[in-house]
Amino acid sequence: MSDYRTVCRTSDVPEGEARMVQLDDHRLAVIHLGGQFYVLDDQCPHAGASLARGYLQAGHVTCRIHHWRFCLSDGHNLDQPGPPRDATAHAVRVVGDLVQVQLDG
Ligand code: FES
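Count along the sequence shown starting at 1, add 35, and that's the number in our numbering.
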């Protein structure tokens, strides 16, 4: 289990928006929706599109290319469930004004 690492400040991602953040070799989608922050790998498992550029709706993000939908909390695919088709979600916490993520491995 790895430590939490800071990805951005809360003010960097306004409510209802998402940002791509590079952290070492990880390209992450930081999403702020409904007062919560979520972090997914910024790579759709279908064909690699940016999920930070997806459409945000209550509890999920829709990939803008072929419209697969992913749960913001755990990354599971709402349309075609199954590990190869799920997005990768990471544990997130907010400490003060810092958004921090726990990357596995
Ligand atoms: S690239 Fe995301 S659904 Fe196809």
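Virtual Cβ for every residue (Gly too), placed ideally from N, Cα, C.
Closest option to Ala122, judged by alpha-carbon separation, among Tyr39, Gly89, Asp132 and Val134: Gly89. For the 7 Å CB-CB criterion, Val96 and Val65 do not form a contact.
Listed in chain order, the non-local C-beta contacts of Asp47 below 7 Å within the same chain comprise Arg54, local neighbours out to five positions each way being set aside. Annotation for Cys106 indicates a beta carbon at 6 Å or more from all heavy atoms of the ligand FES.
Proximity of the beta carbon of His81 to the ligand FES is indicated: a heavy atom of the ligand is located closer than 6 Å.
Separation of His101 and Asp114 (C-alpha to C-alpha, rounded to the nearest whole angstrom) is 11 Å. At a threshold of 6 Å, Ala84 counts as near the ligand FES, since its beta carbon sits closer than that to one of the ligand's heavy atoms. Under a 10 Å Cβ-count criterion, Gln135 is classified as buried, with 16 or more other Cβ atoms of the shown protein chains found around its own Cβ.
Collapsing the DSSP output to three states places Arg120 in a helix. Val127 counts as buried, since at least 16 other C-beta atoms from the protein chains shown sit within 10 angstroms of its C-beta. Ranking Leu68, Arg62, Asp132 and Ala93 by CA distance to the CA of Leu75 puts Arg62 first.
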